[in-house]
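Q: First the structure, then my questions, so here it is.
Residue numbers (the working numbering), protein chains in the order written: chain B, 24 to 390; chain E, 5 to 236.
Dropping the structure here:
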């Protein structure tokens, strides 16, 4: 557990970066600090491992006042991940990961063995061990950065915009894997981001800070979306928060109806114009896209890849209401495709049905 | 052909013969020239490291440190050789006179190089090292210095090569090194010009400079395998 007790950071020129912050980051949970630039989120983070010293107030690490510890001792107990990974360019990947164990005097062979396991754990192949950071992509370096922070198995991890310097696709992968990793490890994590979507996706609780270092609201992501405490938080959380909040509600079992299909590579069905859109699946019954039966098929005998509309997203049975609604809205036929965990077709739902489900939930919630 | 065999020929091309005729003496001069070129650079680097670190760590000290050490380099070498003994209370022609003066020049060149080398270490890397729990001294030797090696090595090449030529100047005030070959040539040039020792001195100085330069390049390569790692 990390607890900020009336922590203030005032610079010599009078600027107040953090103003009497009271905040508890619970053990085993991800606490996200989010806010516009100048809100003191990074300053707050860096006061935890005393990269910045508070002007007043106390930061507690469990029952210990962090100010009472030697800084290097404190920092070695706290994993730290930064935006551009900050790997050591002159050390191999395996030695980068083993940095803190080396500092702690762990046997080199032992430390490297653990480092190799971590390399695998963050999803990198073992032959990367002997490479240097310059030989890795930004996303790969960031994975190494996470592995390095985990190497001495610290109970606490600080992460300063770790995923913001990589492209959106890689960012999403890294976020997903980070959540998976956290499920296994259960670290106490304080995570800084300026991206409210990232905060909502990753946080068990989210602290929204406003410029001048005031805590505006500390809440779970759902609560933040549904009950922003004031206009600032509402504005920061953003416009489609109602829609995004659906991402936290599971749809339960969707009552789907059967969807007629045609298999990829089969002959194009003719003479049925009752419905112009036909779902195309592969041999494993995994949906591939939609076929427009009203289209001109000159030159085509079978259902081939290039005839498909691939616009529709897929909802998973047991997934969120947001995914279910999005599947409907993105489907050219208006019917959202629902698949099982293995990706095989179950059936389809319409937006109307999903909305009825949402309304039913609302009525349940309000007695 | 008879002319070529004549070691007393004053042709500049006869430096090789001159060397063969006085090889033990010349090798001794070369050896002491080598030491005089290398040791002051090494000591100069050891002095420049804390100074360069200070200039980098406390930014306000950078301008004065760099200007003062830079000014030292503008003192003519012969004047510095002469001034060292009275300033430090040594005897004239004390064996330390020249090494001390040369160390001053090396420091003058290397302080800036060390400061700039440390500045070449990415800020992210320094921050990460601090946050992971390196103490300042550990961080300096295990992270900052190794990463600064390429920049420092580039400065060392300049220092070592320029030292080879400044050492030669010390030969003219009577110290035993390749510079004495120039004095000998000058003394033997009466009544007619006698070139072989002078050319030999130039050739050996150039060869020494090339060898020492290559040694620094080699050392740099040895210390920075990571610089040759190609992105894949």
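We put the beta carbon where it would ideally sit given N, CA and C, even for glycine.
Report the residues of the segment 140 to 153 of chain B with a CB closer than 7 Å to any CB of chain E, ordered along the chain.
A: So the list is empty, because no residue satisfies the distance condition.
Q: Which of the three DSSP states, helix, strand or coil, is assigned to residue 382/B?
A: Looking at residue 382/B - three-state DSSP - the assignment turns out to be helix.
Q: What's the call for residue 276/B, buried or exposed, on a 16-neighbour Cβ count within 10 Å?
A: When all chains shown are included, residue 276/B counts as exposed.
Q: Return helix, strand or coil for residue 82/E, following the three-state DSSP convention.
A: The answer is helix: DSSP assigns residue 82/E an H, G or I state.
Q: Taking residue 202/B as the reference, give the member of 48/B, 359/B, 53/B with the closest Cα.
A: Nearest C-alpha to residue 202/B: 53/B.
Q: Below 8 Å on the Cβ atoms is my guess for residue 155/E versus residue 120/E; work out the distance and round it to an integer in Å.
A: That belief holds up - the Cβ atoms of residue 155/E and residue 120/E are roughly 6 Å apart, short of 8 Å.
Q: For residue 110/E, count neighbouring Cβ atoms within 10 angstroms of its own Cβ and tell me buried if that reaches 16, exposed if not.
A: Buried, because 16 or more other Cβ atoms sit within 10 Å of the Cβ of residue 110/E.
Q: If we define contact as Cβ-Cβ less than 8 Å, is residue 213/B a contact residue for chain E?
A: So no, residue 213/B is outside the interface.
Q: Between residue 55/E and residue 115/E, is the Cβ-Cβ spacing less than 8 Å?
A: Cβ atoms of residue 55/E and residue 115/E: closer than 8 Å.
Q: So within the segment 138 to 189 of chain B, which uninterrupted alpha helix (DSSP H) runs reach at least 4 residues, ignoring any that extend past its ends?
A: Counting whole runs of 4 or more residues, the segment 138 to 189 of chain B contains the alpha helix (DSSP H) stretches 161 to 173.
Q: Within 10 Å of its beta-carbon, does residue 145/E have 16 or more other beta-carbons around it, so buried, or fewer, so exposed?
A: With fewer than 16 other Cβ atoms within 10 Å, it is exposed.
Q: By the three-class DSSP mapping on this structure, what secondary structure does residue 201/E have?
A: In this structure, residue 201/E counts as helix in the three-state DSSP scheme.
Q: Cβ closer than 7 Å: which chain E residues qualify as neighbours of residue 109/B?
A: Under the 7 Å cutoff, chain E gives 128, 129, 131, 132.
Q: Pull the bridge partners of residue 237/B from the DSSP assignment, please.
A: For residue 237/B, which the question treats as bridged, DSSP gives the partners 233/B.
Q: Over the uninterrupted alpha helix (DSSP H) stretch that includes residue 39/E, give me the two end residues.
A: First-last of the alpha helix (DSSP H) with residue 39/E: 27 to 61.
Q: Would you please verify whether the beta carbon of residue 105/B is less than 8 Å from any beta carbon of chain E?
A: Chain E, which has a Cβ nearer than 8 Å to the Cβ of residue 105/B, makes this yes.
Q: Would you be able to state if there are at least three C-beta pairs under 8 Å between the segment 159 to 170 of chain B and the segment 186 to 205 of chain B?
A: Yes, since at least three Cβ pairs between the segment 186 to 205 of chain B and the segment 159 to 170 of chain B fall closer than 8 Å, the two stretches touch.
Q: Do residue 102/B and residue 189/B come within 8 Å of each other at the CB atom, strictly closer than that value?
A: No, the pair does not count as a contact, with Cβ atoms beyond the cut-off.
Q: Under 8 Å between C-beta atoms, does residue 92/B make it to chain E?
A: No, residue 92/B does not count as interfacial toward chain E.
Q: In the DSSP assignment, find the beta strand (DSSP E) that holds residue 32/B and state where it starts and stops.
A: That run of the beta strand (DSSP E) goes 25 to 33.
Q: Mind pulling the chain E residues with CB within less than 8 Å of residue 112/B?
A: What residue 112/B touches in chain E: 126, 129, 151, 230.
Q: Evaluate contact between the segment 378 to 387 of chain B and the segment 299 to 313 of chain B, counting only Cβ atoms and requiring at least three cross-stretch pairs below 8 Å.
A: No, the segment 378 to 387 of chain B does not touch the segment 299 to 313 of chain B.
Q: Can you list the alpha helix (DSSP H) stretches of 4 or more residues lying completely in the segment 260 to 296 of chain B, in chain order?
A: Listed in chain order, they are 264 to 268.
Q: Give the C-beta separation of residue 41/B and residue 236/B to the nearest angstrom, bearing in mind that I take them to be a contact with Cβ-Cβ under 8 Å.
A: Yes, they are in contact, since the Cβ atoms of residue 41/B and residue 236/B sit about 4 Å apart, within 8 Å.
Q: Going along the chain, which residues of the segment 113 to 132 of chain B sit with their C-beta nearer than 7 Å to a C-beta in chain E?
A: Hits within the stretch, in order: 113, 122, 123, 126.
Q: Using a threshold of 8 Å, state whether the C-beta atoms of residue 173/E and residue 41/E are closer than that.
A: Not a contact, by the Cβ cut-off of 8 Å.
Q: Specify the secondary structure class of residue 69/E as computed by DSSP and reduced to three states.
A: Helix at residue 69/E.
Q: What do you get for residue 50/E, buried or exposed, if any count of 16 or more other CB atoms within 10 angstroms of its CB means buried?
A: Under this definition residue 50/E is an exposed residue.
Q: Mapping the DSSP letters down to three states, classify residue 305/B as helix, strand or coil.
A: Three-state result, residue 305/B: coil.
Q: Which value, in whole angstroms, describes the spacing of the CA atoms of residue 96/B and residue 121/B?
A: So the alpha carbons of these two residues sit roughly 17 Å apart.
Q: Flag this pair as touching only if the segment 127 to 135 of chain E and the segment 166 to 185 of chain E have three or more C-beta atom pairs under 8 Å; answer yes or no.
A: The answer is no - the segment 166 to 185 of chain E does not touch the segment 127 to 135 of chain E, with fewer than three Cβ pairs under 8 Å.
Q: Residues of the segment 189 to 206 of chain E in Cβ contact with chain B at a cutoff of 7 Å, in chain order, please.
A: Flagged: no residues at all.
Q: Should residue 184/E go down as buried or exposed, given a rule of 16 or more other Cβ atoms within 10 Å for buried?
A: Per the 10 Å Cβ criterion, buried.
Q: Give every residue of the same chain whose Cβ lies closer than 7 Å to the Cβ of residue 46/B, excluding the five residues on either side of it in the sequence, and list them in chain order.
A: Excluding residues within five positions, the ones whose Cβ falls inside 7 Å are 27, 230, 238, 241.
Q: Going by beta carbon distance, what residues of the same chain come within less than 6 Å of residue 363/B, once the five residues before and after it are set aside?
A: Cβ neighbours of residue 363/B beyond the five flanking positions: 340, 369.
Q: If you reduce the DSSP assignment to three classes, tell me which class residue 77/B lands in.
A: Here residue 77/B sits in coil by DSSP.
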